[in-house]
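Per the working numbering, residue 76 is the first one in the sequence shown, and the count goes up by one each step.
Glycine residues also receive a C-beta, built at the ideal position from the N, C-alpha and C atoms.
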Amino acid sequence: MQTFLTLRMNKTDMFRKLYFLGCLLALALVFVQCQSDNKALHKKLADMAANLNVSTPTMLDANTRFDSASVTRDNIFRYHYTVLHTSDPDSTVTAMLPGMKDRMKGMFTTHPDLRIFTQNKVSIEYIYSDSLQHIIQTITITPQDYQ
Numbered sequence: 076m077q078t079f080l081t082l083r084m085n086k087t088d089m090f091r092k093l094y095f096l097g098c099l100l101a102l103a104l105v106f107v108q109c110q111s112d113n114k115a116l117h118k119k120l121a122d123m124a125a126n127l128n129v130s131t132p133t134m135l136d137a138n139t140r141f142d143s144a145s146v147t148r149d150n151i152f153r154y155h156y157t158v159l160h161t162s163d164p165d166s167t168v169t170a171m172l173p174g175m176k177d178r179m180k181g182m183f184t185t186h187p188d189l190r191i192f193t194q195n196k197v198s199i200e201y202i203y204s205d206s207l208q209h210i211i212q213t214i215t216i217t218p219q220d221y222q
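Below you can see the structure in the form of structure tokens.
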């Protein structure tokens, strides 16, 4: 009788261990898949930034120069601008703020090239610096802003 109970307990323990190992394996596979997807997205975003950087720096208007684009490890896409030819660059940027998020939201809904951002819930940062490269303002557009 004792042998039967011992055998039954061993089978139960074995099934518990197998179940536990199976769960660990499933979690590991999910983690690896997420990391792989994250790396693929990072590569696409880095390629987009590199393509934009081919034509930089570029004057966008009399006071704003587009300097570069970059991507953080967390897949935040960054546009870097410099505000020039003004004694008060902070007020120049502040004057642009009203309506900027609304214009960005409109762009994300109408331009198919920006679909990579919306489909992958990528945040975008617009970083404005003065002529000495001191950051004046960072404007962040999150997925909640453009969806």
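Close CB contacts of I210 within its chain, under the 8 angstroms cut and outside five residues either way in sequence, are with I202, Y203 and S204 (chain order). Around the beta-carbon of T131, fewer than 16 other beta-carbon atoms lie within 10 Å, marking it exposed. The beta carbon of M134 sits closer than 7 angstroms to the beta carbons of R140 from its chain, once the five residues preceding and following it are set aside; these are given in chain order. Within 10 angstroms of the beta-carbon of V129 lie fewer than 16 other beta-carbons, which makes it exposed. Within 10 angstroms of the beta-carbon of T184 lie fewer than 16 other beta-carbons, which makes it exposed. Boundaries for Q208: no beta strand (DSSP E) harbours it, and the DSSP string shows neither H nor E there. Cβ-Cβ distances below 8 angstroms link L189 to M182 and F183 in the same chain, with the five nearest sequence neighbours on each side left out; the list follows chain order. Remark: C-beta atoms of Q212 and V168 approach each other more closely than 9 angstroms.
Cβ contact annotation for S206 (same chain, cutoff 7 angstroms, sequence separation greater than five): T157 and L159, in chain order.
Sixteen is the threshold: since fewer than 16 other Cβ atoms of the shown chains lie within 10 Å of the Cβ of H186, the residue is exposed. In the DSSP annotation of this structure, the continuous segment of the alpha helix (DSSP H) that includes T169 starts and ends at P164 to M171. Assignment of beta strand (DSSP E) within the segment 124-185, counting only whole runs of 3 or more residues, yields 139-146 and 152-158 in chain order. Taking 9 angstroms as the cut-off, the beta carbon of L172 is found no closer than this to the beta carbon of I199.
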